[in-house]
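**Q** Before anything else, here's the structure in question.
2 protein chains.
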Amino acid sequence: MPKQTFFNLSQQKIHTLIEAAEKEFARVPLFEASIANIIKTAGIPRGSFYQYFEDKEDLYSYLLEEKLKKTKVYFLALLRRHNGDMIEAMKEMYHYFLTILPNEEERNFLRNALLYTTNKVENSFTNMFDVTRDHTIFKEITELIDTSRFNINEHHELVHVFKIITAIAFHNFVEKTLKGLTDEEAIQAFSTSMDLIKRGIYRQ
Amino acid sequence: MPKQTFFNLSQQKIHTLIEAAEKEFARVPLFEASIANIIKTAGIPRGSFYQYFEDKEDLYSYLLEEKLKKTKVYFLALLRRHNGDMIEAMKEMYHYFLTILPNEEERNFLRNALLYTTNKVENSFTNMFDVTRDHTIFKEITELIDTSRFNINEHHELVHVFKIITAIAFHNFVEKTLKGLTDEEAIQAFSTSMDLIKRGIYRQ
DNA sequence: AATAATATATGACAGTGTGTCATATGTCAA
DNA sequence: TTGACATATGACACACTGTCATATATTATT
Numbered sequence: 005m006p007k008q009t010f011f012n013l014s015q016q017k018i019h020t021l022i023e024a025a026e027k028e029f030a031r032v033p034l035f036e037a038s039i040a041n042i043i044k045t046a047g048i049p050r051g052s053f054y055q056y057f058e059d060k061e062d063l064y065s066y067l068l069e070e071k072l073k074k075t076k077v078y079f080l081a082l083l084r085r086h087n088g089d090m091i092e093a094m095k096e097m098y099h100y101f102l103t104i105l106p107n108e109e110e111r112n113f114l115r116n117a118l119l120y121t122t123n124k125v126e127n128s129f130t131n132m133f134d135v136t137r138d139h140t141i142f143k144e145i146t147e148l149i150d151t152s153r154f155n156i157n158e159h160h161e162l163v164h165v166f167k168i169i170t171a172i173a174f175h176n177f178v179e180k181t182l183k184g185l186t187d188e189e190a191i192q193a194f195s196t197s198m199d200l201i202k203r204g205i206y207r208q
Numbered sequence: 005m006p007k008q009t010f011f012n013l014s015q016q017k018i019h020t021l022i023e024a025a026e027k028e029f030a031r032v033p034l035f036e037a038s039i040a041n042i043i044k045t046a047g048i049p050r051g052s053f054y055q056y057f058e059d060k061e062d063l064y065s066y067l068l069e070e071k072l073k074k075t076k077v078y079f080l081a082l083l084r085r086h087n088g089d090m091i092e093a094m095k096e097m098y099h100y101f102l103t104i105l106p107n108e109e110e111r112n113f114l115r116n117a118l119l120y121t122t123n124k125v126e127n128s129f130t131n132m133f134d135v136t137r138d139h140t141i142f143k144e145i146t147e148l149i150d151t152s153r154f155n156i157n158e159h160h161e162l163v164h165v166f167k168i169i170t171a172i173a174f175h176n177f178v179e180k181t182l183k184g185l186t187d188e189e190a191i192q193a194f195s196t197s198m199d200l201i202k203r204g205i206y207r208q
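Line by line, the protein sequences are chains A and B.
Note that the working numbering has the first sequence beginning at 5, numbered continuously upward.
Note that the working numbering has the second sequence beginning at 5, numbered continuously upward.
Next comes the structure, spelled out in structure tokens:
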């Protein structure tokens, strides 16, 4: 978490800094990103950076979490729109990330995050469902989900269902990027996988 | 790929170098690993390292691929033992990685690989099934798998099934590590997920 | 055996980046 | 006006990387 000093900064300065950081993290993945570059772009002295943040990762985690928060909100909206059909909501989410994301920089940032810190991102997303962490959000989500649709015995299996769906979604995204699949191919592959787990992969 | 010069080295020297590298990559994830450390442990001059490898990643990828090769062979053996039941084979594989892996260093190496280069590892594993890459291995595997068990229409859906299973396995491993779950909890969670996708998550 | 051609070894060095710290400057309450 | 505290700044020590000129070994050629 950034230090209080950072949050005390003027809106203007915060904005400049975040812009500079996003640019750098869109250019290269975290491990290649350099503080030197960020402060050069933002026009602040080296010492100041360490006044605001612990280190590179501190700043990165902050940006990432902010983006994930928005993503979660968006997912909730999708869930509502699809009357609690988790899989349909996720399909649209996937589609959104592939084709509708606004600008190049945003897409590159996401790409770098997913390719090089997959576990961090995936886990943060998955944890939307984790009861032990945040009761309110869990309740909000589970209320939205149409569990009658699911073939589950106990309520806690719902968490597993969500994890399965996201694990597959992330896997597909990574594969798409690494193999250079087209958006259509990726969406098609994801749909196939979703259909498979819907109906079950073993014969009844 | 390491340069020819590396492979021309004496068995002794190769062994020392690999030992040193494995130690370093078990200590920290790739991005924190330092060549300086490896050459110090191996007792070779800096210049020599660059005579053998392109850079840090070159050496790392080589080690990882070697380990993955062995893993794939092991998985094939498991598949045979379980008469082509992919899910049972994967359950045992998961169990093997969690509890039977020989020594601490091996476990840490794996841990760092899976937490920080998940996509690389996961994809290499998944590609066992990729027809476009290596026909022979694909054939060998598909012949082992008892497809009659599966609820699939076309043969290519088999690839999806494998991807789904591995995606979930990797996800669970990462989650186990990050949340510090016990081996039993992790195996239990994985089993639950497998059972869910076997029977299908949607009501028929 | 002498020489040339080629492969390998070595460590000094320039370049780049990180995190720290002593010092300077600003802010605000007593 | 002063002191206490918060913030800003850039020089610096340290760590690591990749390269290159030079030294040495190996093999082929006459």
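Glycine included, C-beta positions come from ideal geometry on N, C-alpha and C.
1) Could you tell me which residues DSSP pairs with F10 (chain B) in its beta bridges?
2) Closest to I168 (chain A) by CA distance: which of B:L119, B:G184 and B:L200 is it?
3) My guess is that H175 (chain A) and A171 (chain B) are in contact by the Cβ rule of under 8 Å, so how many angstroms apart are they, rounded?
4) Please confirm whether I42 (chain B) has its beta-carbon closer than 7 Å to some beta-carbon of chain A.
5) Distance check for E96 (chain A) and F35 (chain B), CA to CA, integer angstroms please.
6) What residue range is occupied by the uninterrupted alpha helix (DSSP H) comprising D150 (chain B)?
7) What residues from chain A crowd round I168 (chain B), counting only those whose CB sits closer than 9 Å?
8) On the DSSP letters alone, give me the boundaries of the alpha helix (DSSP H) that E96 (chain B) sits inside.
9) Quick check: the stretch 175-189 of chain B against the stretch 104-121 of chain B, are at least 3 beta-carbon pairs closer than 8 Å?
10) F177 (chain B) to N131 (chain B), Cα distance in whole Å?
11) May I ask which residues mark the beginning and end of the alpha helix (DSSP H) holding M198 (chain A)?
12) Under 8 Å, with one C-beta from each stretch per pair, do the stretch 70-83 of chain A and the stretch 151-158 of chain A reach the 3-pair mark?
13) Quick check on the burial criterion: 16 or more other C-beta atoms within 10 angstroms. Buried or exposed for M90 (chain B)?
14) What residues of chain B sit near N112 (chain A), judged by a beta carbon separation below 9 Å?
15) Check whether the Cβ atoms of E92 (chain A) and H86 (chain A) sit closer than 7 Å, and answer yes or no.
16) Does any C-beta atom of chain B lie closer than 7 Å to the C-beta of V178 (chain A)?
**A** For this structure:
1) DSSP, once it has assigned bridges, lists no residue as partnering F10 (chain B).
2) Measuring from the Cα of I168 (chain A), the nearest candidate turns out to be B:L200.
3) 4 Å
4) no
5) 34 Å
6) Element bounds for D150 (chain B): n/a, residue is neither H nor E.
7) I168, A171, I172, H175, S197, L200, I201 and I205
8) M90 to H99
9) yes
10) 19 Å
11) D187 to R203
12) The stretch 70-83 of chain A, when compared against the stretch 151-158 of chain A, does not touch it at the 8 Å Cβ threshold.
13) buried
14) Residues of chain B with a Cβ closer than 9 Å to the Cβ of N112 (chain A) do not exist, since the nearest Cβ in that chain sits about 16 Å away.
15) yes
16) yes
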